[in-house]
Amino acid sequence: MIKLDQLSLVRQLDLVFRELEEELSGLSSGTVFVQIRNNVIGKFGIRHNPLTGRNGVITSAGEGLNQTQQLSFRAMALESLKHKRHWTHGEISYDFTVRQGLIIIDAVLESNYNMANLMIRYPRTSVSEAALES
């Protein structure tokens, strides 16, 4: 059995998009997010507003992404991983919308760090007290 941490981040993201295919087929806009810890995707999902209201009437948001749009979305998301540099913990969000039949995305890459890890790596004795006071 293959463990998740043995799969590349690209392969993991590909699996995320395969899992979200059915949900994306019912959405024309929203945000796909993936949370990453130690280069392993944990929590992932979609934030969206499935209903719109105008003049006191609530309606569904319309048709979702077709197969071609989903393939394009997935390709752009995988391409965005090339811009992830030197971090292992964080979140990537993909805001998406369909305009004139084309899928448009904005990718936001967020790195997260933990001060406790720095305190282990850089013990107090290695930091000059004088440098901190100036």
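For the sequence shown, the numbering used here assigns the number 1280 to the initial residue and increments by one for each residue that follows.
Quick reminder that beta carbons are idealized off the backbone N, C-alpha and C, glycines included.
Exercise for the section: Could you tell me the distance, in whole angstroms, from the CA atom of E1370 to the CA atom of L1388? Expected result: Within the model, the alpha-carbon separation for E1370 versus L1388 is close to 6 Å.
Practice task
Go ahead and pull the three-state DSSP assignment for S1390.
Solution key: strand
Practice task
Below 7 Å CB to CB, which residues in the same chain sit around W1366 once its five sequence neighbours on both sides are set aside?
Solution key: So the qualifying residues of the chain are S1390.
Practice task
Please name the residue in R1326, Q1314, L1306 whose C-alpha comes closest to that of Q1291.
Solution key: Selected option, being the one with the closest Cα: Q1314.
Practice task
Starting from S1372, follow the beta strand (DSSP E) in both directions and report where the run begins and ends.
Solution key: 1369-1378
Handout entry: Proximity winner among I1337, Q1349, T1331, relative to E1298 (alpha-carbon distances)
Key = The closest CA to that of E1298, considering only I1337, Q1349, T1331, is found on Q1349.
Handout entry: Which of helix, strand or coil DSSP assigns to K1363
Key = coil
Exercise for the section: Could you say which of E1302, S1304, L1294 lies nearest to G1321 if we only look at CA atoms? Expected result: L1294
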